[in-house]
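As structure tokens, the structure follows; a few thoughts come after it.
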Amino acid sequence: MTDLRWSDVIDALDPEWNGYLPDVVVGSVRLQDWQSLLDLVEEQGWTHEVAHAEGAPWPRAAALFPDGRPLDEPPTLAVRPFAGVQVNVYPHAVDEIAFDVDLRELEGQVGIDRLCGLLRLVGRRLSRDVPLYAEGDPAAPALRYDLATDTFWHVEAR
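Be aware that the sequence shown starts at -11, since it is given in the working numbering, and climbs by one per residue.
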């Protein structure tokens, strides 16, 4: 089932306006939510690694946030939920899960279906709405998964 049509969101996801790496930021999370996300990656069987640390084990949330604070130099966690698509997860704050996805890897209807599926999985796992913002611009989301209605909304074309 299609949640959004590519033709309807292409302007909202336009790299000229949105950047190639829009940000997904889920706020008001706790350490348990981080662990739940890390577990989701493994449960789904997605390819994953600690970027720039070949052979490093997939971390536990407690190791990413010792004493409830992020590491001085937190690693980037690379996740590939679909062939040809990499999501970079940034454990920079214990109360915020942030990741990005490259729009060049999500072209056409298949791409938007995959993006919606990913945001829905994350939203359901964390029991939260999941907004996607223009790269580096957390002012207003370009796209959002709404947990209460299990639907998506997007900004209209300018």
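Beta carbons: idealized from backbone N, C-alpha and C, even for Gly.
In the DSSP assignment, V89 falls within the unbroken beta strand (DSSP E) covering E84 to V89.
The stretch 129 to 136 makes no contact with the stretch 31 to 45: fewer than 3 CB pairs, one atom from each, lie closer than 8 Å. Taking 3 residues as the minimum length, the beta strand (DSSP E) runs contained wholly in the stretch 23 to 96 are 35 to 38, 65 to 70, 73 to 81 and 84 to 89, in order along the chain.
Around the beta carbon of V12, 16 or more other beta carbons sit within 10 angstroms, so the residue counts as buried. Ranking R18, D60, H80 and A50 by CA distance to the CA of S115 puts R18 first.
Between Y78 and G111, the alpha-carbon positions lie close to 17 Å from each other.
Shown here, R132 sits in a strand according to DSSP, grouped into three states.
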